[in-house]
Amino acid sequence: MLTKIGEKFTDIFQRNMPDAYVFALILTLITAVLAFFWVEATAIQILQSWYDGFWTLLEFGMQMVLLIITGYSIALSPLVNKGIDRLTNFIKTPAQVYFFSIIIGILLSMVSYGWIVIAAVLARELALRVAGVNYPFLIACVYFSNNSWVTGLSSSIPLLLNTENNYMIEAGILTSTIPTSYTLGSILNIAMIVLYVVVTPLLMLLLIPKKGKVKELGHMLSSKNKEEEQTIAQEAADLKLPKKVLSDRLNNSMLLQLIVAILGLSYIIYHFGTKGFSLNLNIMIFIFLVLGLILHKTPIRYSISMKRASVNVSGILFQFPFYAGIMGIMTYTGLGEELALLIASVATIDTYPFFAYLLGGIVNFAIPSGGGEFAVIGPSVIEAVQNIATGATAEEMTAITSRASLSIAYGESLTNLLQPFYLLLVLPVMGAGIKIQARDVMGYLVVPFILYFILQSLMVIFVPL
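Quick note, the sequence shown lines up with residues 56 to 520 if you use our numbering.
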């Protein structure tokens, strides 16, 4: 039954869901209209807010591009390919590919959401080696597994609340930081981790499509793309001139690349030695970069691998600014704050977790960034919750604030299943060399969204903190 429902939603999305870029354009217009009629922003205010916001994700967008191409270039190295070949001695069926990809994606994403690139690489390579894998469904599995990031070490809202002198404290909304023991270490968050680790793989196995012809990656790739992925060393050799020259010696110098790699490793050791397990996008990208230097051995081979890894990142380059523009409208016109106040006005001490969860999910369509969304709606929600809980002790208020904040985070993460912003992290890797769009993937995620919306709504209300 679940399989048939999933196939029905997939058909609906394939027929009706536009390209991810068109989705961003439509969302831009909807947000602008809401700002005009709801908060009565003038046309020039909306345009100025859109323009000002347009550039706020440039750093983040560049980080995403580098994360993808450095991670993907590692997968193109001979050593990693041999390791994946050995892995197929144990993973031989499509169901095993789906299950393994989901588990790896969940665990990696709990370290950092950017590590989903590694899971995408593994899933793609397994799909090339195991017959019968429905590739669009596998992409959906990997994308769904990334939702676990909100429970892990890179969950932006809990980390913000535990940061000294954060903007909530400076604004007088909070009097002190909130330790992660109230958020990431809470019973609620641990229960949410169990939900992802146990329920997600089982649910996706129940949703494996059975109707029609299986869309295998091997069939979707052209013969040219199949050949190119296997011949980096050969291409490097073909670039050499017939006679020995200095430029070829430098291009193929293992010593030159090794020296730079040692310098990079030295900094990585220094970073973790002085800062502890401090993991952010910048150090992750740097680690991937240094690993690529080591695995590809020579500058020319690494250059070729990076060129191939970067051919499919155009979506991030030109779509992220449009989403940043939407964030600008929400932030600078006051639309986000007004929406937060509306939701908070109908909440009670018993229902505020659900309304915070619902608000986090709704605003995520316009501000697909946990930290960015919380900056817009967090202050209004927390102030409203504190007003509702007047008379609570300091410890009780901390717990109430933590639950509201976690609820926003869980809601924000879940609606990624219905909007393709973070699919742009997965598609450049898994969609390289094939024709595939968000509409081919998103339909498989509707049933998981509905089920998780029900389960998480109950959990944020009833599971103790």
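In this text, a Cβ means the ideal position worked out from N, Cα and C, and glycines have one as well.
None of these values were measured; they are calculated from a predicted model.
Item                                                                                                                                                       : Value
Run through DSSP, which three-state label would GLN151 get?                                                                                                : helix
On the premise that ALA90 lies in contact with ILE101, defined as a C-beta separation below 8 Å, what is that separation, rounded to the nearest angstrom? : 5 Å
On a CA-only basis, which of ASP107, ALA75, ALA447 and THR453 is nearest ASN217? Give me that one, please.                                                 : THR453
Assuming TYR198 is part of the alpha helix (DSSP H), what are its boundary residues?                                                                       : 190–200
Ignore the nearest five residues each way along the sequence and tell me which others in ASN221's own chain have a CB closer than 6 Å to its CB.           : LEU215
Near PHE476, what residues of its chain come up, given a Cβ to Cβ distance below 7 Å and the 5 sequence neighbours on each side ignored?                   : TYR378 and PRO423
Classify MET514 as buried or exposed, calling it buried when 16 or more other Cβ atoms lie within 10 Å of its own Cβ.                                      : buried
For my contact list, GLY108 and PHE375 are in at a C-beta cut-off of 8 Å; report their separation, rounded to the angstrom.                                : The pair is not a contact, with the Cβ atoms about 11 Å apart (cut-off 8 Å).
Do you know offhand how far THR403's Cα is from ILE443's?                                                                                                  : 7 Å
Going by DSSP in three states, TYR477 sits in which element: helix, strand or coil?                                                                        : coil
Looking at the structure shown, is THR86 part of a helix, part of a strand, or coil, going by DSSP?                                                        : helix
Would you call the CB atoms of ILE139 and GLU114 closer than 9 Å?                                                                                          : no
For CYS196 and ILE248, I'd like the C-alpha separation in whole angstroms.                                                                                 : 17 Å
Spatial neighbours of ILE437 within its chain, please: C-beta separation below 8 Å, excluding the five flanking residues on both sides.                    : MET223, ILE228, LEU229, THR456, ALA459 and SER460
How many angstroms separate the CA atom of THR255 from the CA atom of VAL166?                                                                              : 17 Å
Return the Cβ separation of ILE381 and THR83 in integer angstroms, given the expectation that the two are a contact with Cβ distance under 8 Å.            : 6 Å
Note the first and the last residue of the continuous alpha helix (DSSP H) segment covering PHE429.                                                        : 425–443
Give the straight-line distance between the Cα atoms of ASP54 and LYS352, rounded to the nearest whole angstrom.                                           : As shown, the chain starts at 56 and ends at 520. That puts residue 54 outside it, with no answer to give.
What are the boundary residues of the alpha helix (DSSP H) that ASN489 is part of?                                                                         : Residue identity differs from the one stated: residue 489 is Ile in this sequence, not Asn. That residue, ILE489, is in no alpha helix (DSSP H); it is neither H nor E in DSSP.
Do you know offhand how far ASN471's Cα is from LEU500's?                                                                                                  : 10 Å
What does a CB cutoff of less than 7 Å around ALA174 pick up in its chain, not counting 5 residues either side in sequence?                                : SER156, ILE159, GLY160, LEU163, VAL197 and SER200
I'd like the ranges of any alpha helix (DSSP H) spanning at least 4 consecutive residues and lying wholly in the region 298–378.                           : 301–306, 309–330, 336–351 and 354–364
Residues in the same chain with beta-carbon distance under 7 Å from ALA79, minus the five sequence neighbours each way, listed in chain order, please.     : GLN374, PHE377 and TYR378
What is the DSSP secondary structure of LYS63, reduced to helix, strand or coil?                                                                           : helix
Taking just the CA atoms, how far does MET275 sit from LYS490?                                                                                             : 7 Å
If we call anything under 9 Å between Cβ atoms a contact, is MET339 one with LEU122?                                                                       : yes
Where do the N-terminal and C-terminal ends of the alpha helix (DSSP H) with SER523 fall, by residue?                                                      : Summary: the structure shown does not reach residue 523, with the chain confined to residues 56 through 520, and so no result is reported for it.
By a C-beta neighbour count over all protein chains shown, 10 Å radius and 16 as the cutoff for buried, is ALA182 buried or exposed?                       : buried
Taking Cβ to Cβ, would you say THR125 is nearer than 9 Å to GLY347?                                                                                        : yes
Comparing alpha-carbon positions, which option in LYS63, LEU520, GLN441 and ALA246 lies nearest LYS265?                                                    : LYS63
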